[in-house]
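Residues in the sequence shown are numbered consecutively from 22, following my numbering. Cβ atoms here follow ideal geometry from the backbone N, Cα and C, with glycine treated the same way. Just so it is clear, the structure is predicted and the values come from calculations on it, not from any experiment. The structure appears below as structure tokens.
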Amino acid sequence: MRGRLATLLALSTLSTACGDDSAFASFETRCGKLPPTHFKVVAVPLTFERDDSQSIEALTAKSGSALATHRTKGLTAAVFGYSADIDLNAVDDRRGSRTCGMPRLRVELSMQPVTVFVASELATESCQHDVTLSHEMKHVEVFRQTLDRAARDLERDLPEAIGGELRHAKNPGELQQRLVVSVRDYLAQFMGERQRLLDEEQAEVDSPEEYARVSNACGH
22 MRGRLATLLA LSTLSTACGD DSAFASFETR CGKLPPTHFK VVAVPLTFER
72 DDSQSIEALT AKSGSALATH RTKGLTAAVF GYSADIDLNA VDDRRGSRTC
122 GMPRLRVELS MQPVTVFVAS ELATESCQHD VTLSHEMKHV EVFRQTLDRA
172 ARDLERDLPE AIGGELRHAK NPGELQQRLV VSVRDYLAQF MGERQRLLDE
222 EQAEVDSPEE YARVSNACGH
């Protein structure tokens, strides 16, 4: 198994209004009419590609192991990452040098691309090929479970972590920057922790017992 953490934080879009239907509406009134904060987290359904074209030597190099001490016959590679779209609805009072705003945040979590490799040398060894593939599918399932669990937990935790209250700053640019930094820092922490847990769970799949099963399943 080889997992890599990747992040992409989309720059927020900023919608500002300097007035509303009433030319005499106060700044506070206009702020009170902003759409409420909204958080949405989605997980891209996990799919995977098969690749039986790589040699044991090539897969061992991909795994980061030394060929002299380890021979990698199967490998599952994935990229655990996110993208975030931030829409900030704001009211700007230029004369008073003040801005208020409410964000809408959509986070997309993904493991894509996922590739399951089985060494090309096993093409003529159907038993060992199938046993190796069955082991790699256990890694795929861990990736899938981690993705689904992360999406549920993030959607639950985001409102408290980021906050749904009306935000204030001196100008729209400052308000936007504060929000982007807040979201970026929280998601970096969240994803780093989830990557650590993912690595631990994948290591459990590669237990000595599982290694023995794969090694001895075909009688050699």
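- Close CB contacts of Gly185 within its chain, under the 6 Å cut and outside five residues either way in sequence, are with Thr58 (chain order).
- Ser118 sits exposed, since fewer than 16 C-beta atoms from the chains shown fall within 10 Å of its C-beta.
- Looking at the backbone, the Cα of Gln216 and that of Val163 are separated by about 12 Å.
- DSSP lists Ser36 and Met123 as the beta-bridge partner residues of Asn110.
- Using a Cβ-Cβ distance cut-off of 8 Å, the segment 231-241 and the segment 169-185 are not in contact, since fewer than three pairs of beta carbons, one from each stretch, lie closer than that value.
- Going by DSSP, Glu221 is part of no beta strand (DSSP E) but of the alpha helix (DSSP H) stretching over Pro193 to Val226.
- In this chain, the alpha helix (DSSP H) harbouring Val235 covers Pro229 to Asn237.
- From the listed residues Gly53, Thr97, Arg92 and Ala82, the smallest Cα separation to Phe69 is found for Thr97.
- Nearest in C-alpha terms to Arg199, of all of Met212, Gln75, Ala238 and Thr120, is Thr120.
- Counting along the chain, the unbroken alpha helix (DSSP H) around Ala171 starts and ends at Ser147 to Ile183.
- Counting every other CB atom within 10 Å of its CB across the protein chains shown gives Asn237 a total below 16, marking it as exposed.
- If you draw a straight line from the Cα of Met158 to the Cα of Lys191, it is about 53 Å long.
- Between Gly95 and Ala140, the C-beta gap is smaller than 8 Å, which places the two residues in contact.
- Distances from the CA of Asp72 to each of Val62, Cys52, Leu154 and Gln197 were compared; the closest alpha carbon is that of Leu154.
- Of Gly53, Val235 and Pro56, the smallest CA-CA separation from Cys148 is found for Val235.
- Secondary-structure assignment with DSSP links Leu96 through a beta bridge to Phe138.
- If you check the CB distance, Arg177 and Val112 do not come in under 8 Å.
- Boundaries of the beta strand (DSSP E) harbouring Glu70: Glu70 to Asp72, taken from the DSSP string.
- Nearest neighbour of Arg115 by Cα position, chosen from Gly194, Gln223 and Gln210, turns out to be Gly194.
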